[in-house]
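Just so we're aligned: 110 in the UniProt record's numbering is position 110 of the sequence shown, and the numbers increase by one with no gaps anywhere.
Down below is the structure, laid out as structure tokens.
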Amino acid sequence: MDVDWHHELLAQLEFYWDTTLRPRLEGLTDEEYLWEPAQPAWTVRATPGGGTTIDFSPTPLEPPPVTTIAWRLCHVAGLCFWLRWSNHFDDGSFDVTTVEWPLTAAGGLEFLDEGYRRWHDALRAHPERFTEPTGPAEGPFADEPFATLVLHLTRELCHHGGEIGTLRDLYGAFTTTGRG
Numbered sequence: 001m002d003v004d005w006h007h008e009l010l011a012q013l014e015f016y017w018d019t020t021l022r023p024r025l026e027g028l029t030d031e032e033y034l035w036e037p038a039q040p041a042w043t044v045r046a047t048p049g050g051g052t053t054i055d056f057s058p059t060p061l062e063p064p065p066v067t068t069i070a071w072r073l074c075h076v077a078g079l080c081f082w083l084r085w086s087n088h089f090d091d092g093s094f095d096v097t098t099v100e101w102p103l104t105a106a107g108g109l110e111f112l113d114e115g116y117r118r119w120h121d122a123l124r125a126h127p128e129r130f131t132e133p134t135g136p137a138e139g140p141f142a143d144e145p146f147a148t149l150v151l152h153l154t155r156e157l158c159h160h161g162g163e164i165g166t167l168r169d170l171y172g173a174f175t176t177t178g179r180g
């Protein structure tokens, strides 16, 4: 049996985006987006100089901090879609240290939608990339097939998307019962 892996990998990404994650984000409010359900919490924050930052540590923290919807959404949008699109299909100039991380739900959704669109459209337009090595932008994974990166980013989308859904459920339960 011949398998069109380009089609199959794109179909998996599109199915999750179209049927699960994107519909689940409808009606996201600023309060939900930035809600910190426990402390310590990682989120997207305004900086004293007027910019924004996303919480991060180069080494794993114990216990790991709880993350907000804003953090998870920006992680997927920025570190998965925008960064990889820039490194593999554009000029590589996306810089996670200078990006203006969105502080509102509308801004976060726009950032996510545009990052997804760029990543998805580049994948659709370049089926030849799926069997090529990822290259130096992926460091120790440079020799892995590009399809491996596509699978990894789809896995990240599903993983963090599920957590965003759970955080939305918890926010609803805590704010309607007065426990939050």
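Where a beta carbon is used, it is the ideal one built from N, C-alpha and C, also for glycine.
Based on the DSSP output, what are the partners of residue i in its beta bridges?
i	result
R45	T53
V96	V96 is not bridged to any residue.
P133	P145
Can you list, in chain order, the residues of its chain whose CB lies under 8 Å from that of residue i, leaving out five sequence neighbours each side?
i	result
Y16	T154, L157, C158, G161
A122	W85, H88, F89
P102	V44, T52, A70, C74, G108, E110, F111
E62	none
T29	A105
P133	A142, D143, E144, P145, F146
V96	I54, G78, L79, L83
R129	H88, L123, F146
Counting C-beta neighbours from all protein chains within 10 Å, is the total for residue i 16 or more, i.e. buried, or is it exposed?
i	result
V46	For the sequence presented, residue 46 should be read as Ala rather than Val. Per the 10 Å Cβ criterion, exposed.
E32	buried
V99	buried
R117	exposed
G115	buried
V150	buried
Which of the three DSSP states, helix, strand or coil, is assigned to residue i?
i	result
T67	strand
P145	strand
H126	coil
D121	helix
V76	helix
T154	helix
A11	helix
E32	helix
P23	helix
Give every residue of the same chain whose Cβ lies closer than 6 Å to the Cβ of residue i, excluding the five residues on either side of it in the sequence, and list them in chain order.
i	result
W42	D55, P65, T67, W71
W119	F81, W85
P127	H6
Which residues in the same chain as residue i place their Cβ atom closer than 7 Å to its Cβ, once the five residues preceding and following it in sequence are excluded?
i	result
L112	L73, V76, A77
L10	L123, R124
P136	A142
L34	T43, T68, A70
Would you say the beta carbon of residue i is closer than 7 Å to some non-hydrogen atom of the ligand FAD?
i	result
G92	With respect to small molecules bound, the structure shown includes none, and the ligand FAD cannot be examined in it.
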